[in-house]
Each structure stands twice: as C-alpha cells, then as structure tokens.
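Structure first, commentary second.
There are 2 protein chains.
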Amino acid sequence: MSRDSLINAVRSLGVDGLLLVGDSICDADVCYASGFLSSDRFAVLISDRIYILVSSMERYRALAESRADVVETTSDYSMRSKIAELGGLEMAYANVIEEFVSARGIARLGLRTNTPAYLYRSLMEHFDVVLLEKPLEKVRAVKTPEEIAAIKDVQRSCESAMAVAVQLIRKSRPSGEMLILDGTPLTSERVRRAVELRLAGLGCETLDTIVCGGLMSSSPHSRGSGPLPPDMPIVIDIFPRSKSSRYFADMTRTVVRGEPSAEIMEMYSAVKTAQDAAMGCIKDGVSGADVHEAVCRTFDDLGYTEREERGFIHSTGHGVGLSIHESPSLSEHGEMLRSCNVVTVEPGLYYPDVGGVRLEDLVVVRENGCDNLTAFERELVIR
Amino acid sequence: MSRDSLINAVRSLGVDGLLLVGDSICDADVCYASGFLSSDRFAVLISDRIYILVSSMERYRALAESRADVVETTSDYSMRSKIAELGGLEMAYANVIEEFVSARGIARLGLRTNTPAYLYRSLMEHFDVVLLEKPLEKVRAVKTPEEIAAIKDVQRSCESAMAVAVQLIRKSRPSGEMLILDGTPLTSERVRRAVELRLAGLGCETLDTIVCGGLMSSSPHSRGSGPLPPDMPIVIDIFPRSKSSRYFADMTRTVVRGEPSAEIMEMYSAVKTAQDAAMGCIKDGVSGADVHEAVCRTFDDLGYTEREERGFIHSTGHGVGLSIHESPSLSEHGEMLRSCNVVTVEPGLYYPDVGGVRLEDLVVVRENGCDNLTAFERELVIR
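Quick look at the structure:
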C-alpha cells in the first residue's frame, strides 16, 4: 500500500485521525497500516502522518521495520507508574492512548466498530468518537504492485504444494474402494500433511487445507478425512499465508484418479466453462454482481439451475490480501471492481449423490481484463 | 477444562451469563469455552449451560465437535432478513446476539472488556452489562489432565525440533568467525527453517522461533539473523502450538559450538542453579513472586546482581496453555500458584559485551512440588 493513499483514505472518512489497536498477527488492518509484525497488541494512529505506539522493548524493531513516521513507546507516557496509580493494566493503557492521541491535536477520532469496549468507553469521554465499520476495506482492496508481487509469490508456493498433492494421488493405485500408496491407504490427512509440509518449507503457514474425496466433496467446506477413493472427485483447496509478507493466496483443483462418471465429467466441463466466463468479464468498472451473474447464467445454460442446497451454492469469489476473505466480493451483492483488486474466481457444483467439483484461480483486475496469477493445469483425470 | 468448572467460574462473577464473541483461532477464551475451532467469528454464552451461535454452514460441525450443550445458528434468528431490514451486517448481528442472549432470560450480562464496541454499545441498551477484565483467566490457569496431556504432547514436538537445531549446530564446523555446514554458513535462518519444518511435520505451527547467536543473544527477544558464530552462545527458544489441540509448549536451550569463554561458562552454571532453585520451590500455595524472588536471590548470591538493561532483565516465567503467555506469572507481582498450573521456568543472564544465556523448561505445579514436562539435556558445549 502507499502511505499517502492510506492517509488520504482516512481523511475522506471525515475524522481527524483513525486509531487502530490490535496485534498485527490477528488484525489485518493493524498489519496493513503499520507494516510492523508483532504478536503483542500495539496502537496505530493515522492522521497527518502515521504514528505507532509500541512497548519499549519493541522500539528499535519498530523504528527499523515499521512504515510509521513516528514511533513512540508506552514508557514515553509513563505506562508503569500509571498502572500503579490507576490500579490496572487496561485503565493505564486507555490513559496512555488518550495522551498519545491528544498529542496530535485530534478532536474527532475515528475508531473501528470492533475496538475493545474499554477503550471505546474511555476515549468517548475525551474525544468526539465516530465508530466506523471496516474503514480501511476499500483502500486495502486496491493493491500496489508490491502487494501483487507478494500475493503472486504465495500463489507460486500454493502451486508447488498443489503439485505435491496431485503427485501423491497420481502415484497411488486403486484397490477396491480406496487409493493405496506405498502399501497403505492414501488418506486426506496424509495428503494434507504433505501439502502443509511443502508450504512450511516455503515459509508459509496454513489455517487449514481441504483435501476432500468422494461424496463428502459435495459439501464445499468439508476439510476431508479418511481414505481417498478412486473414480471419484477429490477437491483440493489450498490457501496459505506467507509468514513474512503476511499475504494469502488461494487455489482449488478437483482431480480424479481412475475413471470419473459421465456426470462428474460434465460437471467439470461446466465449471471450467463458468470459470472462463467469469474471467472473460472481469475488468475495472464491472461489478462483482455482474461477474457472479455471468457464472450463474453459464450454469443455467448448461442445465445446472439449482442454487440452494445443491448445484452452485456459494458465491463466485472474494478478495484476497492480508485476509483470506476481503473486499471485493463476486456475489449477488458484489461491489464495483477496480484495477488492482485481487480476487478468486471459484465456481463449483455440488450434488450430495454425485460429489463436488470446484476450480479456483486468483486474478488481478486490470483496466481491460484480468491477469491470472495462477499457473496450474486444469485436468480432471490424472494419470 | 471441565464444563462444570467453567459454569461455576462464570457464576462466581456475579452475572447471569458471560458472552464471548470472537473466532477461536485468535481468541483463546472462545476456543476454551467452546472447544470448537473456527476462523469465523461466533458467539458463546456461558450461563446455566453453554450455548453457541454459529453460521448455519457450521451447524453440523459445531454439533459434532463443540462442547456446547446447545448449538444455534444465525439463521435461527433470521440473520439474512435482519441485514436487509437493519441495513448492515453488524447492526443485524448485534440484534441477533441480543435475541440469542434474551432467550436465556438473562438480565445481568458479563462482557469482556475487549468486546467489540458496536456489540457493547448495542447490548448496553438491553441488558445490565458488566465489563470484566480477563474473566476466564483463573479458570484457564488450572489445567485438567487432558489439557496437561495436550501440552506435554506439544512439548515432545518441541524437543524433537530442538534436537534438529542442536544436531545442525553439532554437525557444523568452525571456520573463522562462522559455523559452516555442507559448505555454506550455518545461519539463524537456516536453523529456524529446519526447526519449523520439523514442527510442521508434527502438526505444529509457530508464531516465530528464536535462533540467536553471538552478542545479539544478549537481547532476549532478538529472533536472530545471519551466520552463527563459533565459541559464542546460541540461544534457541521454540514455542510451537498444536494445530489440532491449539495448546502451546515452550522451551529454550543455550549452546556453544567450540570453546565458550569462562564468563559464559559461569553464566551458564548460574542460570542452571537459578533454574533448579525455582524448580525447588514451586508448589501449590507458593506465589509466583516467591519463585521469582528465589531466582533473584540465587543470582545475587552468585554475584549477578543487575536487573535492568543487563543481568537478569526479565521475569522467571509465565503460564502456558491456549495462549503462549497466560496466568500465573512468575514475577515480582506473581500471584499464588495452584495445582495444575502449567508454567515456564526460564531464568537468563544477558550482557551486551558477553552474550546471553537462557534455559527454559515447562512444569506442572503439584501439591508438593512440580512435574517437569521437559525432557531435554542442559549441556552448554555440544560436540
């Protein structure tokens, strides 16, 4: 992100400053605004400049690593004596924050709606507080070239991990109702572990990984367990995050080891066509709703008309960045797409008695189309 | 944790119910109270029973996996039509939460001080809200046998990863000012990557790992970078979390490849003695402050009297569980220890012109002493 676009975004909110408090591992806004990675809570104030307030132990790291213009520490505001004086950590911290904000001459203070209640309650007494729902959503959705490069980098790792999964399934042999590799059943757990090990080796972490075979694959959020079957779809959905850049990537492939049914082959072909249709209409100025509509229309034309409980039961895609799900959304109420948005394109079809098929690529919205950040074949049957 | 002890803990807070809202990846209280793992926000109400409110997509998984007595979904409270009606996701969610809580006949509602401001503001209008700072801290500090088993399990993985680090350093050869392994410098980054790869293979994730050599080791929170030196201390601090149980473990060793200085050998011996002194006095009914005092006294007796900027500059230890730092604390203001607390015991000495030494084990407090969950040698010089 560009520092100036962040400052301008806050200015446009009609407040003198926006205060964020959180740790940058769990709080993507804090990570975004500070560029500073810490599992300890700290504060970021975006006003005429970017100010951060960290513990004194973090001072030098913050000076070296954060994108803040000004780094201050809780010791600068006598945190220790305030704890003794006010009789509690949170009372003291709220008091420190109040002085940290006041020092910038701020009257009208923006706070996110998810600000901790004790801070909200305390800051309300000193400032004209405005609660804002996701105030940085829009600025975060438009990625800089550096952010796109970081996401692309994670997608490379994602592809490498996908190749590991596909290779294990390729090397396995059908035996009755399960796939066997090196004498033991090839399970969801075994493939997931191999995928996550590859990702760890590439400096990525995962919340989870979907490796889901057979009829279970008709439930799009099943993570999968037990032996993987031959002749049935196996959905592999990998969404790693770089431990250093903190950006996510996301991709899904569906494969079959053996002979898929005619129904699955047709579903796969339809999903591919729907994905191509979405790609074909994504560009700056088109809405996420339009893209979703194009996918729905494609499915309708091919006879897949159901949208609840079975058929195409989820949205077409979502933004990806420092959060795995962020703006913009490719869905019924999807907002206008803008150049440099990064979104997944992931149509799928799900039938409890047949199985599920999903294909997911990650693309960058451009003025006249989109760039696909994903370079991985779409082949249903692997041999 | 035991379900009943959680319900009793909430009863003792003087409220009719305690409401937690958060995701169970980032929010340890939510993970603890629900036993349900989800990266999506959900609500837990602890009252006469444990109630959870999840999205309808999570219903079956919550029924199967959570420890709640009652599972409800946002669809049960018409979330979708409320979004349209009230014009926003958070407005709708606050309204759903209000009905979810009201349905239990609750008047006096406990909320954590870190409850999102929009919920606090909205719930205040309907309930007699009491803001509570870390209301589950004490109950979480006393571990059940199952929790202790889970932590021990992670500590086994931690030891396995420590063995990887030590083995790499052992196999390296001094060459000038750096250690060389397989023809290239053995760096902090290389050891860290090997440690994290082993942990990933064991189903663990890491926020970070300290591998810090030379004079840099005198800064206890430096993660370390660049080539590791011979004849100087290398501090290795590993604190993984199980991706499945969500419990952490924590351990530190300090090693030297080559010949340590006399100063480092004496510091190592003092830290070992201080650690033994702490272990010798930990038991139910002793305070964390007493344990810390015993460590300080040991260091004083051995001539290491400095406590600020150099010498023994941090506390003796902290509780470990679903958070890497939790109650009780072994420090100046450390509270009373109770049977089945799990705490680190990690004295250290740090001198900018000499280097740092730290040893950290993880122990369970018992009625008449403590059980060490750590089985890893304490040897400074590795050959």
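Protein chains in written order, with our numbering: chain W, 1 to 383; chain F, 1 to 383.
Glycine included, C-beta positions come from ideal geometry on N, C-alpha and C.
query: Residue 292 (chain F), enclosing beta strand (DSSP E) - first and last residue; result: Premise fails: residue 292 (chain F) lies in the alpha helix (DSSP H), 288 to 301, not in any beta strand (DSSP E).
query: Straight-line gap, residue 83 (chain W) to residue 234 (chain F) (C-alpha atoms, nearest Å); result: 35 Å
query: Secondary structure of residue 201 (chain W), DSSP reduced to three states; result: helix
query: Validate contact between the region 239 to 257 of chain W and the region 352 to 359 of chain W using beta carbons, cut 8 Å, 3 pairs; result: yes
query: Proximity below 8 Å, CB of residue 349 (chain F) to CB of residue 267 (chain F); result: yes
query: Residue environment, residue 297 (chain F), which counts as buried when at least 16 other CB atoms sit within 10 Å; result: exposed
query: Expected contact under 8 Å - CB spacing of residue 223 (chain F) and residue 210 (chain F) to nearest Å; result: 5 Å
query: Inter-residue Cα distance where the pair is residue 315 (chain F) and residue 341 (chain W); result: 46 Å
query: Chain W contact residues for residue 26 (chain F), given Cβ-Cβ distances below 9 Å; result: 23, 25, 26 and 27
query: Extent of the continuous alpha helix (DSSP H) run through residue 153 (chain F); result: 145 to 171
query: Counterpart residues of residue 176 (chain F) in DSSP-defined beta bridges; result: Its beta-bridge partners do not exist; DSSP assigns none.
query: Chain F contacts made by the region 106 to 122 of chain W, where a contact means CB separation under 9 Å; result: 111, 112, 113, 114, 115, 116, 117, 118, 119, 120 and 121
query: Chain W contact residues for residue 379 (chain F), given Cβ-Cβ distances below 7 Å; result: Simply none; closest approach about 28 Å.
query: Within 8 Å, strictly: CB atoms of residue 150 (chain W) and residue 245 (chain W); result: yes
query: Selected residue, minimal CA-CA separation from residue 14 (chain W), among W:144, W:288 and W:130; result: W:130
query: Partners in chain W for residue 277 (chain F), counting only beta-carbon separations shorter than 8 Å; result: Per Cβ cutoff of 8 Å: no residues; residue 277 (chain F) is ~26 Å from chain W at best.
query: Stretch-stretch touch, CB-based, cutoff 8 Å, three pairs: the region 45 to 52 of chain F with the region 95 to 109 of chain F; result: yes
query: Neighbour flag for residue 332 (chain W) against chain F, beta carbons, 8 Å; result: no
query: Beta-carbon proximity list for residue 143 (chain W), same chain, < 6 Å, skipping 5 on both sides; result: 340 and 342
query: Where the region 190 to 203 of chain F meets chain W: residues whose CB sits under 7 Å from a CB there; result: 196, 197, 200 and 201
query: Where residue 119 (chain W) sits in the DSSP three-state scheme; result: helix
query: CB of residue 326 (chain W) within 8 Å of CB of residue 140 (chain W), strictly; result: yes
query: DSSP bridge partner residues for residue 234 (chain F) (one or two, in chain order); result: F:213 and F:255
query: 8 Å contact criterion, which residue 364 (chain F) and residue 353 (chain F) should meet: CB distance rounded; result: Going by Cβ atoms, the distance from residue 364 (chain F) to residue 353 (chain F) rounds to 38 Å, so no, they are not a contact pair.
query: Residue 57 (chain W) at chain F interface by Cβ criterion, 8 Å; result: yes
query: Bounding residues of the alpha helix (DSSP H) (the contiguous stretch that carries residue 270 (chain F)); result: 262 to 281
query: Rounded C-alpha distance that separates residue 344 (chain F) from residue 23 (chain F); result: 27 Å
query: Interface partners of residue 39 (chain W) on chain F, CB under 9 Å; result: 207, 208 and 324
query: Where residue 131 (chain F) meets chain W, residues with beta-carbon distance less than 8 Å; result: 117, 118 and 121
query: Residue range of the unbroken alpha helix (DSSP H) whose run includes residue 51 (chain F); result: Looking at the DSSP string, residue 51 (chain F) is not in any alpha helix (DSSP H); the run it does join, the beta strand (DSSP E), is 50 to 54.
query: Beta-carbon proximity check, residue 146 (chain W) vs residue 123 (chain W), cutoff 8 Å; result: no
query: Selected residue, minimal CA-CA separation from residue 161 (chain F), among F:19, F:204, F:57 and F:332; result: F:204
query: Min CB distance residue 309 (chain W) to chain F below 8 Å; result: no
query: Continuous beta strand (DSSP E) assignments of at least 3 residues falling wholly in the region 293 to 351 of chain W; result: 317 to 319, 326 to 330, 342 to 345 and 348 to 351
query: Cβ-Cβ distance between residue 250 (chain F) and residue 324 (chain F) below 8 Å; result: yes
query: Inter-stretch contact at 8 Å, needing at least 3 Cβ pairs: the region 179 to 195 of chain F / the region 276 to 283 of chain F; result: no
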